[in-house]
Amino acid sequence: MPYVDGFIVAVPKDSIEAYKDLARTAGEVWKEYGALSYVECIGDDVPYGELTSFPRAVKAGDDEVVVFSWITYASREQRDDINAKVMADPRLSMDNWPMPFDAKRMIYGGFKTFLEL
52 MPYVDGFIVA VPKDSIEAYK DLARTAGEVW KEYGALSYVE CIGDDVPYGE LTSFPRAVKA
112 GDDEVVVFSW ITYASREQRD DINAKVMADP RLSMDNWPMP FDAKRMIYGG FKTFLEL
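Taking this note's numbering, I'd label the letters of the sequence shown as residues 52 to 168.
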């Protein structure tokens, strides 16, 4: 079963197009190095919960939208190898891309798949 990296970020509404441009390039790079899939989703029905929620988790403001993303890999080992190559790739250098979101509020992690129907 695939290994999955998941991400949640708050993107300012006026930076959505810049985020999409960065995501397209990032997805191409990840896929080039061997990721099985690369998916980016913009929040459409993401209520602000009383105790917990996606917006609360990333401290999203009224002028921001939650983006939920994931990348799949054949294994944890391949993920580690692919990510090392991606992080070293000059196409994703922050010198080339102004950050269209506050990376300090990004939530991310790696997950072992246990069920896929």
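Just so you know, even glycine gets a beta-carbon here, dropped at the ideal spot from N, CA and C.
Computed from a predicted structure; not experimentally measured.
Selection from the options that minimises the alpha carbon distance to residue i
| i | options | result |
| --- | --- | --- |
| Phe152 | Pro53, Lys71, Met52, Val55 | Lys71 |
| Gly57 | Leu73, Glu83, Tyr124, Thr76 | Tyr124 |
| Thr76 | Thr164, Ser120, Leu143, Val118 | Leu143 |
| Phe162 | Glu128, Asn147, Val137 | Glu128 |
| Gly160 | Met150, Leu166, Phe119, Lys136 | Phe119 |
| Ile59 | Leu168, Lys136, Asp132, Pro106 | Pro106 |
| Val55 | Val137, Gly85, Ser126 | Ser126 |
The beta strand (DSSP E) enclosing residue i, as first and last residue numbers
| i | result |
| --- | --- |
| Pro63 | 54-63 |
| Val97 | That residue, Val97, is in no beta strand (DSSP E); it is neither H nor E in DSSP. |
| Lys82 | Counting along the chain, Lys82 falls outside any beta strand (DSSP E), though it belongs to the alpha helix (DSSP H) covering 67-83. |
| Glu91 | 88-93 |
| Thr123 | 115-124 |
| Lys163 | 158-163 |
C-alpha gap between residue i and residue j, whole angstroms
| i | j | result |
| --- | --- | --- |
| Met145 | Ala69 | 13 Å |
| Gly100 | Ile93 | 18 Å |
| Pro141 | Lys64 | 27 Å |
| Trp148 | Met52 | 33 Å |
| Ala111 | Asn134 | 27 Å |
| Asp95 | Val117 | 9 Å |
| Ala139 | Ser104 | 33 Å |
| Arg130 | Trp121 | 12 Å |
| Tyr84 | Thr164 | 21 Å |
Coarse secondary structure for residue i, derived from DSSP in three states
| i | result |
| --- | --- |
| Val109 | coil |
| Leu166 | coil |
Whole-number beta carbon distance between residue j and residue i, since they are thought to touch under 8 Å
| i | j | result |
| --- | --- | --- |
| Val62 | Glu115 | 6 Å |
| Val97 | Arg156 | With a Cβ gap of about 15 Å, Val97 and Arg156 do not count as contacting. |
Cutoff 8 Å: residue i Cβ touching any chain B Cβ
| i | result |
| --- | --- |
| Tyr70 | Absent here is chain B; the protein component of the structure consists of one chain. |
Extent of the continuous alpha helix (DSSP H) run through residue i
| i | result |
| --- | --- |
| Glu128 | 127-139 |
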